[in-house]
Each structure stands twice: as C-alpha cells, then as structure tokens.
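So the protein sequences, as listed, match chains E and W. Following this note's numbering, the numbering of the first sequence begins with 112 at its first residue and continues without gaps. Following this note's numbering, the numbering of the second sequence begins with 112 at its first residue and continues without gaps.
There are 2 protein chains.
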Amino acid sequence: MAKDDKKAPKKAKPKKTLAELEERAAKLRKRLARTESKIAVSKGLVPGQSPLATKFPSLPEVAGVRFASAAAGVKYEDRLDVMLAEVAEGSAIAGVFTKSATRSAPVDWCKAKLAEMKKGAPRGPLAIVVNSGNANAFTGDNGMKGVAATAKAAAKAVGGAQRGVFISSTGVIGEALPADKITDKLAEMKDMLAPGDLPLAAEAIMTTDTFPKGAGKTVDLDGVTVNIAGIAKGSGMIAPDMATMLGYVFTDAPVSRALLQSMLSEGTKTSFNAATVDSDTSTSDTVLVAATGKAGGKNISSRRDPRTEVFEAALNEVLQDLAKQIVRDGEGATKFVTVKVTGAKTDASAAVIARAIANSPLVKTAIAGEDPNWGRVVMAVGKSGQPANRDKLSIHFGDILVADKGWVADSYTEEAGAEYMQGKEIKIIADLGIANGAAEVWTCDLTHGYITINSDYRS
Amino acid sequence: MAKDDKKAPKKAKPKKTLAELEERAAKLRKRLARTESKIAVSKGLVPGQSPLATKFPSLPEVAGVRFASAAAGVKYEDRLDVMLAEVAEGSAIAGVFTKSATRSAPVDWCKAKLAEMKKGAPRGPLAIVVNSGNANAFTGDNGMKGVAATAKAAAKAVGGAQRGVFISSTGVIGEALPADKITDKLAEMKDMLAPGDLPLAAEAIMTTDTFPKGAGKTVDLDGVTVNIAGIAKGSGMIAPDMATMLGYVFTDAPVSRALLQSMLSEGTKTSFNAATVDSDTSTSDTVLVAATGKAGGKNISSRRDPRTEVFEAALNEVLQDLAKQIVRDGEGATKFVTVKVTGAKTDASAAVIARAIANSPLVKTAIAGEDPNWGRVVMAVGKSGQPANRDKLSIHFGDILVADKGWVADSYTEEAGAEYMQGKEIKIIADLGIANGAAEVWTCDLTHGYITINSDYRS
C-alpha cells in the first residue's frame, strides 16, 4: 500500500497484541481500585468498609448470658470464626429459619430442637454456637455428623444437654465442615465465657460483612429494667423470605416460650423479611431470640399482659435496627433505599409491589447512577402482577411528588429529582390509590462493587 | 510528632485532594474503557456490539407483506426509528402482550383491536407501526391520543381501516410521544413500501440493542412452499412473563386466526417466555404474528390438519431463534446461558426453578467471573419455593456431573468446572430427581457492562 512520505515508518506504533492489551487492562483496573480506595479514605471512610457502615453501638448487658469468641481456623487463620453463647438454664428460646428447600444441616437441627422445646426445656444452660467460613450446607451425610459433633462439644462446654444446643454455620456451600477444629476450640472457650462480649461475637459471625452489627434497647416493664441486645450478620444472598441472614437477640425479660415465638414470627415480617439486597435467599438463614428472665418480675405469657406491648415494641426496634444494618452492608451498596408502598389492595399486595421495586435490577442500577428514573418504578409496579391502576398511581422521591394521574407531575422538575438522588438515603414512595394496603422494605443500590465482589473466583 | 531525619521533607508527596483523586479516577475509567474496546476489536468483535451477536440472516420473502422504515426523529436524529408493515387484506393476525398492570397505551390499543378481529376483519390491508425512542407509556391522556393519531395516519398510508392498525412504541417511559413526527413520516412511507425490507425494519425497532435480530424458515406444506420471517428487539427489561419484548413474525401460510392465536400463545411459552435477562418486565412487550395466506393452499384451521404440526414446528423455531437472539443481546452479556431443569414435580414447577436459577444475581455474577460456583445453583433451587429434596438433586455443568446425592460428585474436579466456565455457551442442568417435570430457560451473565449501561444518567 502507498504510504504518506511525511510519516516516518518509525513513528508508526506497532499494534499491541491481545495479551498486551489484557495486561494493560489489568493494570488499569488495579490503579483504578487504588484510586477509588484513596477516594474512600479522603471521604473519611474506612477502606473496604461499606460507605453506609454504622458504628457498633454500646450494648446493655443481658443478665444470664455469657459469650466467648475464638479463632478456630475454619477457613482462614487468625480471625475470629466461632462464637459461643451460654444462656442460663430455664430460658425461653424462639427461632425463625430459611424456607429454602436446600437448607443446611444446622438449620434442620435447630428446627428439630426448637420443636422439642415445646415438650419441655432440658436441664442445664442452653448454648448457641455459630461458625463462619463454612456453611455446612449441601455436604451430604457429612452435614449432620458435623452438627452432632458440635452439639456434643458445646453441651459439654456449658454443662448442658445436646438438645439445648443451637447451631448455625455460614460461609461457603458444599465444602465439608472441619468440625474437629470447632469442637477442639469449644473445649477452650468454656473458660473464656464472659457477659457482655457481644462486639467480639458480632465479629466472629461475619463473612463478607464489612462491619460488625449490633443493636440494643433498655425498657422499663412495670418498674423492672429489662435489657435487649442482639447481633447479626449478612451482606449478600439476602432476600425477604423468612429470616434472611443470621441474627441472635438476647433479653433478660421474663417472657414465655410461646409468646416469644409469636413475637419473633410477627416481628420478622417487618424487620429481617423487609430487608432485601439481591433477592437471593441463603440456605442457612436463622434468627434466634433467647429470654433468660433474669431481670426478674412475673412471667409474661399473654398478649393481654400490658407489658407485652412495651416489650414487643422494644424487641421490634432491635430487630429492625439489625435488619437495616444488614442492608447498609449490602455488597457494593452506596445508597440505603427505603421503598414504601401505600394505597394497595391489601398489605400483602403492597409487600409484593414493594419487593418488585426493591429487587428490580433496573431500579437499583438507576439509583446507583443517581438517576431519578421514575419510569422504572412504574415498570416495577406493573410487573409485580398485583392490582394497580396506571392512572391512580402516584410516586414520590422523598418529599418530591414525581408522578401522578398516569403521568409526570406538573410540579416535578428533573433537576429536583436529580439533586435528591445524590443523597445517601433514598426513599421511594408508591401510592397505588386503590385501597389501604401498605408495606415498607429496605434495599440498596446495585453497583459495580456488587459485580466485583460476586464475580471474583472463590479461590 | 518526631520525624525520621533520614527522610527529607521534600520527598514527601503532597496528598491529593478529593477533587484531584476523582479526576484521576475518571481518567483511569476512560483509559480502561478504551483498552477494553481495543480488546474487543482484537478479538474480532464489532466495538459496542454484544460479543454474543449473530449476523442478520438472509430471510425468505413473505408474499403479501411490504415494509418501509424511516427516520422520524422521535428521539434521535438520523437513525431509523419508525417501521411500517403493510399486511394484505384478509390476513389472520394473532398477538401476545405484556401482563404488566402499567402497560402502555399502544398495548391497550392492540389488545382491543385484536379482540375486535374475532368479529370479523376490516376491509383493506392491515398495518403494523412500530416506533423506537419513546414507549408512550405512563403518559396520561396523551398516550391514547398519540395512538389514535398514529392509527389514523397508518390506515391512510396503507388504505385500510383504523381498527386494522396495530401499534407498538418502545423507548423511554413517561415522555409524551411526538406523534406529529410519526404521522408526518407515515404519509411519506406509503411510497417506500417494498417486500423483503426486513433488515431495515429490524434496525428501526432497536433501542439499546447492539445488533438487529431476524429469523426465518421455509417449509413445504403438502406441496405448497410456505415462508416465515420475523424480526425482534430487546436487550434489557426482559423477563419471562408473557411476550417479553417486541417481535413481529410474518408468514404467507393460509392459517386461520383462531389457530394462529393458539399456536402463538403456546409457542411463546417455550420461546419469548423462556428468555430472561434481568427479571424486569416491560410495559410495552408485544409479539404479533400475521398470516397472509398468499402462499396458496387450503385454509389450515384445525389441529387435526396434518400441516398444522409441520407449520407449528417451523413457527416455533423462528420464535425460539428470535428469543435467543434477544438473550444474546442482554445488556452487558458475555455468556449465553441455558438453564435446564428436569425431574421436577411438574413442568410448571420446573419452570419456576429454572427461572430462580436464571434470575439469581449470585448465579449470574458467578458465571460472569467464570466461577463454577455450583453452591449458588443449590441455593437458587432452594429459594424457588418448589418441591425439592436436597439429597436427590443433581447438577451438571454441560456434560460434567458436578453434584449429586446431596454433595459434590466424587468424579468432579474444580479444574474441569473452571475450564468449562470459560466457554461462551454455558449449560446448567439441575435434575430434581423426584418426578418428570422439565423446563428450559435462557439467560446471560450479569456483568459490569450491565451496571454501566443501566446506571448511566438518561441525559
């Protein structure tokens, strides 16, 4: 081919090979990651921690509960990965679990032991054992063997019965649980048990979490001071169908088993089940609540007891606080999003619509891009399959009326919407305008961070 | 603070400000995008086009149908954005539509006109008008006004009745349709109508699509050669609930209206409804099939007619080909994924499980990362809420048995799984082992590309 004489051949850059280009892309990705990490620090954030992270609160001490946390090397060395809670003899315990058909062996165990509790509590203290690093899920016969070994060791550590031991495992699915490491450690942990060691316990149950999660509350029940303190974990594989992560709440209130279970089952609906990060449900989700009664006072066993309402409100506050912290740690999250649906045909219908909005990848990516794309909210309402009337639907972003009467609101400006979307806390309100059903769910945005975290090869 | 004397102060780099860091990150992102684009070219791909794109096929000419495509400037200048199809008088027409409660005015119109067809076809040719750039959805009263104006102009252009005009609009939700631009253009398009102009029509209906989609088939029905040719669009907001995108299929076979509708309704289940990109359902989804009968031969109106089976198989092939092309153009897609579920309680149950796997963000990001993370497939089966037995479930990646009897298969190696995942076409097979229900769906991986495309600000 003819060449332009003025261009000396030496000036022509040789074309890079595919390998060279891919090497270059890898380098640029690393530099970008470093720069983004510096930006986080410059914004006053802890590198690697969710920008929505909250500080671990100061929690009240719950009489009758002691904790120990240790590094058993389940998956990684030198990090806390086992927690043991000893719960005083005679305590009431309640639980909610994943509805997954492929749930883990520990979940099967807990459900069975909880059912046995109805016939009477065992002698000695109860124990809750949680390990991170390995979910002991889909591990065949191995699963229940690991659970049985753990139960035996934990019962021995607290001096209780095996049927009083509750176990959770969280981490990789499908790898055999190194139960020996956990049982060896439990023998040592016996002497480490101490009241109030919840911050370490919250760390021990973390997997991809970027901050430990805790919440507490103190209330007065007819002159008796009652404490509630809880911890939780979860940042991915979170969806609103039963307990969708791990949560452990302790109280010294004197609540009966049946009432405690009723409160937890109800309270989960507006707390853990209102949280959704990626619509995926774990095989291990578990929330347990234990009530020791050590605060004193007469036993609370009926909804007619005026103390029930006060206690339940406080318990719900703790459950909701924990659930919101889990959303704040959603993988790659940069915005905390509250989706409120009102005016729906029923509360159940409102919940379905709220989840359709909160789980829509198009809504979540729009929020990540700070795009007030209300058309995607309309789409999500439509796809929910619930009764809706296009022309009665209205949408608010925070206090801003965005759309009503089947179209964009006269008063709405794109500038106002865009400015609102720059905040870290986003509220989307969809009013269906057809009846009084309402629901609220919490979610986060869907970002490059989520893809990076979840597309990384496991090794 | 005390300083180490050996470190000269002049060596200390001044800390970059937040603004400088963000500028740097922006530059790095641009350089990375350029490098990634070069990598695509080096791999022989068209820049900006899906790496899974297919070439537009050579399509058979369907007797009795003419096409025109034009640039009306609905949203952008100088790109094809309106297509008009003229379908010969006396043709049968069938349709399936989005089930969205917030569906667009054009969808409402089409459903009404299709219902009127049952009472008898109008005089003169039928017309199909599709515009891209604006969905005419959630635009209040304006919506139906735009539809009515378009119907009037299209009826005039083809010399038919308004009730024989079918309209689709696709693009941004919530902005008023500039109907004038479309009606002005339709008057001109009358003289542009030509048989076989499907490639341009396929381009005119594109929005975020990166390649035009077409499929065709020629079959012999008792000595009569019959042609089928169709086009489709769709790359995001795709989910398996009714027609999940736009599709228009034409044939010169002599099929009756009722039978054509029955075939389309059935065929959609295993084609367009088997495609899912992001679980989101559009407000505008429409698939229309028109049969002109111009190929000749006796009218086909019964399933007992032996020609029905031959024709239906060919039609289904075209529908499936189009649906798969839509998945291949999934926003950010780098892998085409077939999810097959067998051994489920019923076909319906298998379909729910297949979609739970195909829509799981955790499964889709694992595939993007070429991670043979079968634990996430187990999780997705579990969360589907369908009958399943952990210990009877088996999972294959392609021909590789990954997991069975409740655990990883003895023969499975992580190396084999990882190598398989590097392919562009991934097949995940989950056998529930409890009965004979089966289903297949198609999806793609969830990548940084999806986030980038969908978190960009609209302007």
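All C-beta atoms in this analysis are idealised placements derived from N, C-alpha and C, irrespective of residue type, glycine included.
Query, Result
"Going along the chain, which unbroken runs of the alpha helix (DSSP H) with 4 or more residues stay wholly within the region 428 to 491 of chain W?", "458 to 470 and 472 to 479"
"Hey, could you find the ends of the alpha helix (DSSP H) E/Ile564 is sitting in?", "His559 to Ser566"
"Residues of chain E with CB under 8 Å from W/Asn253, in chain order?", "Trp518"
"Between W/Gly275 and the rest of its own chain, which residues show a CB-CB distance below 6 Å, the 5 nearest in sequence each way excluded?", "Pro233 and Leu237"
"Check whether the Cβ atoms of E/Ala199 and E/Lys380 sit closer than 9 Å, and answer yes or no.", "no"
"For E/Lys222 and E/Phe208, I'd like the C-alpha separation in whole angstroms.", "8 Å"
"Quick one: using the 10 Å Cβ neighbour count with 16 as the cut-off for buried, is E/Pro417 buried or exposed?", "exposed"
"W/His559 touches chain E at which residues, Cβ-Cβ below 9 Å?", "His559, Ile562, Thr563 and Ser566"
"Ends of the alpha helix (DSSP H) at W/Asn547?", "No alpha helix (DSSP H) holds W/Asn547; DSSP gives it neither H nor E."
"For W/Thr476, return the contacting residues in chain E, with the cut-off set at a CB-CB distance below 7 Å.", "Ile562, Asn565 and Ser566"
"Is there at least one Cβ from chain W nearer than 9 Å to E/Thr209's Cβ?", "yes"
"So if I threshold CB-CB distances at 8 Å, which residues from the region 480 to 492 of chain E count as touching chain W?", "Gly480, Glu481, Asp482, Asn484, Trp485, Gly486, Arg487, Val489, Met490, Ala491 and Val492"
"Per DSSP, W/Ser576 is paired with what?", "Residue coverage of chain W in this structure runs from 112 to 570, which leaves residue 576 of chain W outside it and unanswerable."
"Does any CB atom of chain E fall closer than 9 Å to the CB of W/Gln497?", "yes"
"Name, going along the chain, the residues of the region 128 to 162 of chain W whose beta-carbon falls closer than 8 Å to a beta-carbon of chain E.", "Thr128, Leu129, Leu132, Glu133, Arg135, Ala136, Leu139, Arg140, Arg142, Leu143, Thr146, Glu147, Lys149, Ile150, Ser153 and Lys154"
"How many Å lie between E/Gly334 and E/Lys409 at the Cα?", "11 Å"
"Under 7 Å between beta-carbons, which chain W residues line up against E/Ala260? List them in chain order, please.", "The contacting residues do not exist; E/Ala260 stays about 17 Å from chain W at best."
"What in chain W is Cβ-close to E/Thr445, meaning under 7 Å?", "Within 7 Å Cβ-Cβ: nothing; E/Thr445 doesn't reach chain W, min ~10 Å."
"Measuring alpha carbon to alpha carbon, tell me which residue in W/Pro217, W/Met255, W/Ile478 and W/Asp295 is nearest W/Phe277.", "W/Pro217"
"For E/Gln273, which residues from the same chain have a beta carbon less than 7 Å from its beta carbon, with the 5 sequence-adjacent residues on both sides left out?", "Ala262, Lys263 and Ala266"
"Cβ of W/Asp308 within 9 Å of Cβ of W/Phe178?", "yes"
"Assuming W/Tyr359 and W/Gly341 make a contact with CB atoms under 8 Å, what is their CB distance in whole Å?", "6 Å"
"Determine the contact status of W/Asp192 and W/Ala181, defining contact as a CB-CB distance below 9 Å.", "yes"
"Taking W/Asp320 as the reference, give the member of W/Thr554, W/Lys344 and W/Asp331 with the closest Cα.", "W/Lys344"
"For E/Phe249, name the three-state secondary structure that DSSP assigns.", "coil"
"Show which residues of chain W have a CB atom less than 7 Å away from the CB atom of E/Arg214.", "Gly493"
"Figure out for me which residue from E/Ile239, E/Gly271, E/Ile437 and E/Gly244 has the closest Cα to the Cα of E/Pro323.", "E/Ile437"
"Per DSSP, which residues does W/Lys344 bridge with? Please list them.", "W/Leu357"
"With 7 Å as the limit, tell me which residues of the region 278 to 290 of chain W have their beta carbon closer than that to any beta carbon of chain E; keep them in chain order.", "Val283, Ile284 and Gly285"
"Taking the alpha-carbon of W/Lys229 as reference, which of W/His559, W/Ala369 and W/Asn245 has the nearest alpha-carbon?", "W/Ala369"
"Using DSSP with H/G/I as helix, E/B as strand and the rest coil, what is E/Ser413?", "coil"
"When you compare the region 520 to 529 of chain W with the region 238 to 250 of chain E, are there three or more beta-carbon pairs, one atom per stretch, that lie closer than 8 Å?", "no"
"Whole angstroms are fine: how far does the CA of W/Thr281 sit from the CA of W/Gly244?", "6 Å"
"Rank W/Leu557, W/Lys503, W/Arg214 and W/Gly327 by C-alpha distance to the C-alpha of W/Ala546 and give the top, closest one.", "W/Lys503"
"Cα separation between W/Val448 and W/Val492?", "16 Å"
"For W/Leu430 and chain E, any beta-carbon pair shorter than 9 Å?", "no"
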